[in-house]
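Enquirer: Mind having a look at this structure? Questions to follow.
Numbering (UniProt numbering), first residue to last: 1 to 474.
Take a look at the structure:
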């Protein structure tokens, strides 16, 4: 068969338009070539695609020895080239740990807000500005929010290594995702709007926070999960075509019941730089869960069984790893806010005690860290308990019960990241941390007056590597 093949001239058809791109890009010659030339081209292709595996190169070489039409050979090359471009053009996480901080847009007016100039440029390695919406298949921002983008980017003047990303979606802004991902043309429009923002506002990448694909009733036949993976692939391919080392990240759910229906984790692993896993909101008051619990427990408590035993960081990390997410792409979410509960009986104040609703502190069951500090400082008879199993604190006073994070608990989470050689930590959010220096004593950072939780995480992770992110005072 091989000898006969040497005597046979292969007639090449003019490739369609989509093949022309590959012909021009990779030097494919549509004119007939000898088998010797074909072998040489195969070897050259293997050298060009040096990052591909040995097995893939062998497949390229042997593809020229078949009697198939040349376009079939081209498809082999196309598949292999695209596969390995996608795989190796995902920028690798730096040796230092990722410290991915979410910063929520301030309102157009108001006082007591965290402004871009108040953020230390070396506190985080990545800042995700949250959140933009999807409107008419494009990224949409309010007019004043564009100025915030410019102000945040100014932090790079002091820390050129800082990465600034725009986060799209969020819990209240994801209505435009299902229609946008539903077909190639709408995704193309969305990607065009990404490119515009990256180019014109000196951003370093995009973060997608769709909460959550395929979880709710579908507008496109229950295929959001697959379409989301297609979107990620197309964004990554556009980065490659642009020859830019832009960053692509996603924020994903922690509970396995959501993960199972919302994400193809192996696809996330292939296309994104890292995954910000939202390992918080494990417990909060609802009519279906009318009892106290921890917002972001590191480990399960011995009394927790079945589904409740999965609602912790340790289980979530292992679950994602089992689904194919590389540990260096796992970025563990750490909240700077807490959840409040109103106890049914003030004398029954243990974990899992009956609750009748949100607590009086904060808003709708959410409480920022400085408000926790203020409550502890000003109220009498506040009891603080450190849970040795879950590695998080809680406090109670009369009917008020609060799950929150303190410097010790976020340090435990940072140490967990180090011990398991994970990609890093995600802080949600800088706005909910104590950026004005309200907290004192054990609830404050010993080395600075602001951002005690974020700073504790940052310092712990930076101290775990031989070189820190930068030379700032942090």
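Think of the CB as a built atom: it goes at the ideal place given N, C-alpha and C, for glycine as much as any other residue.
These numbers come from a predicted model, not from an experiment.
Using a 10 Å radius around the Cβ and a threshold of 16 neighbouring Cβ atoms, would you call residue 283 buried or exposed?
Expert: By the neighbour-count rule (16 or more Cβ atoms within 10 Å), residue 283 is buried.
Enquirer: What whole-angstrom Cβ distance do residue 439 and residue 393 have, given they're in contact under 8 Å?
Expert: The Cβ separation is near 13 Å, so there is no contact.
Enquirer: What does the alpha-carbon distance come out to for the pair residue 388 and residue 367?
Expert: Approximately 23 Å, taken between the alpha carbons.
Enquirer: According to DSSP, is residue 244 part of a helix, a strand, or is it coil?
Expert: If DSSP states are grouped into helix, strand and coil, residue 244 belongs with coil.
Enquirer: Given 8 Å as the limit, is there contact between the stretch 167 to 187 and the stretch 143 to 154, that is, 3 or more CB pairs closer than that?
Expert: With the cut-off at 8 Å, the stretch 167 to 187 and the stretch 143 to 154 do not touch.
Enquirer: What number of angstroms, rounded off, separates the C-alpha of residue 60 from the C-alpha of residue 240?
Expert: Low local confidence applies: a pLDDT of 42 at residue 60 is under 50, so the model's placement there is unreliable, with the coordinate-based value given in what follows. Looking at the two C-alpha atoms, the distance is approximately 22 Å.
Enquirer: Which residue marks the beginning of the alpha helix (DSSP H) containing residue 148, and which one marks its end?
Expert: Its alpha helix (DSSP H) spans residues 143 to 153.
Enquirer: Do you know offhand how far residue 413's Cα is from residue 299's?
Expert: Those two C-alpha atoms are separated by around 10 Å.
Enquirer: So residue 400 and residue 356 are supposed to be a Cβ contact under 8 Å. How far apart are they, rounded?
Expert: The Cβ separation is near 12 Å, so there is no contact.
Enquirer: Using the three-state DSSP reduction, which class does residue 128 fall into: helix, strand or coil?
Expert: Residue state, collapsed to three classes: strand.
Enquirer: Kindly indicate which three-state DSSP category residue 386 falls into: helix, strand or coil?
Expert: Strand at residue 386.
Enquirer: Taking all protein chains shown into account, decide if residue 459 is buried (16 or more other Cβ within 10 angstroms of its Cβ) or exposed.
Expert: Burial call: buried.
Enquirer: For residue 435, which residues does DSSP report across the bridge?
Expert: In DSSP, residue 435 forms no bridge with anything.
Enquirer: Applying the criterion that 16 or more other CB atoms from any shown protein chain within 10 Å of the CB defines a buried residue, is residue 202 buried or exposed?
Expert: Exposed, by the Cβ-count rule.
Enquirer: Does the Cβ-Cβ distance between residue 430 and residue 101 come in under 9 Å?
Expert: Contact: yes.
Enquirer: Could you have a look at residue 138 and say whether DSSP puts it in helix, strand or coil?
Expert: DSSP places residue 138 in strand when its eight states are reduced to three.
Enquirer: Determine the contact status of residue 163 and residue 422, defining contact as a CB-CB distance below 9 Å.
Expert: No. Outside cutoff.
Enquirer: Going by DSSP in three states, residue 160 sits in which element: helix, strand or coil?
Expert: If DSSP states are grouped into helix, strand and coil, residue 160 belongs with coil.
Enquirer: Could you pull the start and end residues of the alpha helix (DSSP H) that residue 370 belongs to?
Expert: Element bounds for residue 370: 369 to 378.
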